[in-house]
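Residue numbers for the sequence shown, in our numbering: 3 to 337.
Since the structure comes first, as C-alpha cells, the remarks are kept for the end.
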Amino acid sequence: MRVLVTGAAGFIGYHLSEALLARGDEVVGLDILNDYYSVALKEARLERLTKHEGFRFTKTDLADEDAMKKVFAEGRFDAVANLAAQAGVRYSLENPGSYVRSNLVGFVNVLEGCRHNGVKHLVYASSSSVYGANTTMPFSVHHNIDHPVSLYAASKKSNELMAHSYSHLYRLPTTGLRFFTVYGPWGRPDMALFLFTKAILAGEPINVFNHGKMSRDFTYVDDIVQGVVATLDRVPEPNPEWSGAAPDPGSSSAPYRIYNIGNNEPIALMKMIETLEESLGQVAEKNMMPMQPGDVPATYADVDDLVRDTGFSPSTPIDVGIQRFVDWYKGYYGE
C-alpha cells in the first residue's frame, strides 16, 4: 500500500512508519515538527525513517487547508493513518487554541483529503481519555462517553463524531483507535515513564499524583503498532445489526468502527515505579501530590472487539517493556 502517516516524527507515528516500511509499504510521513517537546528527538526519529527507500517526508501543517489539499492530490494514498495531534491533557488547560487548530481543524482537512481523493480507509488516533468521568471498568467501546474531563479528551471524542459523519455521508471507511497509556523506546518526554526515568537518574525527586492512588493500562508501543496495522488492513463495513432504536457507540450502519488498544491489565502507578526502580537499580525520592485537573484515577481497556475482529491482542508485560525503554533511554542519552 501507499500510506500517509501524519505525525510520522512523533512517538507512535515513527514506530508505525517503521513497521509499514518493514513489510514493504510506501510511506509518506507528514509532520510539522512543533516544539511541544524536544524537536531534536523528533528529528532523530525522522533521520532513521529517511534511511528507508520507501519513505518520503513532507513538513506540512495539518491545519493548512491548501497545503493539505496538495499533499492528498499528489499522494494518491490507499490508506491514511492520522496520528498527528496536539497531545497532552494538562497542556490543554493552558493552551486550548492549539487543540482546536491541530485536532479539529487539522482533522477536517484529513477527512476532506480522504473524501476527495479516493482513500480506501482512514485509521485515526483517538484516546482512552474520551472515557472521562466514566467509572465502569473495563472501559468498553460500547459505553457512552458524553462526559470528557479535559479539552484534549473532548477534541478526541469530536474526531470520532466527525469521522462518523463522513462515514455516513460519503461512505468513507473510518476506524478510530483509543490508545491506552503508550510507552516504550523513543517515547514522549512529557509522559510519566520518561519524566520518572530522567529524574531518578539525575538524583531528583519524582512527582507522584493522587498520592500514588492511580492505575493505568500501560501499553507497549510495539503492541499499539501491531494493533494499528491489523486494523489498517481491515476495512470496516456497516454493522447489519446496528439499530437507531438502541444505537451502539462502537459501530454503525455506516462503514465505521471504534476499538480500544490497551494491555487489558491495569498496573498500579506505585507498581510501575517499583518496576522502573528495579530496571534502573535506583530508588526514587517521591513527592506525593494531589490529583491534577483533567486527570482520571484509573484506566482499563476492554479489547474484546479488537481481538474478535483482528485476532490481535496486546501481550507485552510491564517489566519487559520498561526494561526495553530504560535500555533505549540510557543508550540514546549516554547515561
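Ideal Cβ positions, reconstructed from N, Cα and C, are used throughout, including at glycine.
CA nearest to the CA of residue i, picked from the options
| i | options | result |
| --- | --- | --- |
| Val5 | Phe13, Leu32 and Asn265 | Leu32 |
| Pro242 | Ala232, Val231 and Ala256 | Ala256 |
| Glu162 | Glu279, Phe57 and Asn262 | Asn262 |
| Pro319 | Thr312, Arg92 and Asp224 | Asp224 |
| Arg259 | His149, Lys273 and Arg180 | Arg180 |
| Met216 | Asn146, Tyr93, His149 and Ile269 | Ile269 |
| Tyr335 | Ala46, Gly12, Leu22 and Glu20 | Ala46 |
Cβ-based neighbour list, residue i, same chain, cut-off 6 Å, excluding 5 preceding and 5 following
| i | result |
| --- | --- |
| Ala155 | Ser131, Val132 and Gly134 |
| Asp63 | Ile34 |
| Met3 | Asp27, Asp80 and Ala81 |
CB contact flag (residue i, residue j, <8 Å)
| i | j | result |
| --- | --- | --- |
| Lys71 | Gly26 | no |
| Leu85 | Ala127 | yes |
| Pro249 | His144 | no |
| Glu267 | Asp307 | no |
| Thr221 | Gly264 | yes |
| Val121 | Ala81 | yes |
| Val227 | His123 | no |
| Gly2 | Val91 | The requested residue 2 is not part of the displayed model; the chain covers only 3 to 337. |
For residue j and residue i, believed in contact at Cβ under 8 Å, the rounded distance
| i | j | result |
| --- | --- | --- |
| Gly229 | Pro292 | About 34 Å; that fails the 8 Å criterion. |
| Leu282 | Thr199 | 7 Å |
| Pro140 | Asp321 | The pair is not a contact, with the Cβ atoms about 22 Å apart (cut-off 8 Å). |
| Leu51 | Ala10 | 7 Å |
| Lys288 | Ile208 | 6 Å |
| Ala75 | Asn119 | 7 Å |
Own chain residues within Cβ distance below 8 Å of residue i, not counting five before or after
| i | result |
| --- | --- |
| Pro420 | Nothing can be reported for residue 420, as the shown portion of the chain is limited to 3 through 337. |
| Val102 | Ser157 |
| Val73 | Leu6, Val30, Leu32, Thr60, Thr62 and Gly115 |
Chain-order list of residues whose beta-carbon lies under 7 Å from that of residue i (same chain, five-residue window excluded)
| i | result |
| --- | --- |
| Tyr1 | Any answer about residue 1 is impossible in this case: the structure gives the chain only from 3 up to 337. |
| Arg326 | Gly186 and Pro187 |
| Glu276 | none |
| Met290 | Val210, His213 and Gly214 |
| Val285 | Glu279 |
- Item | Whole runs of the beta strand (DSSP E) within the region 224–273, excluding any shorter than 3 residues | Within the region 224–273, the runs of beta strand (DSSP E) at least 3 residues long that lie entirely inside it are, in chain order, 258–263.
- May I have a chain-ordered list of the alpha helix (DSSP H) segments no shorter than 4 residues that lie completely inside the region 136–181? The region 136–181 contains, as complete alpha helix (DSSP H) runs of 4+ residues, the segments 153–172 (chain order).
- Message: Quick check on the DSSP output: what are the complete alpha helix (DSSP H) runs of length 4 or more inside the region 101–142, in order along the chain?
- Response: Within the region 101–142, the complete alpha helix (DSSP H) runs of at least 4 residues are 108–118.
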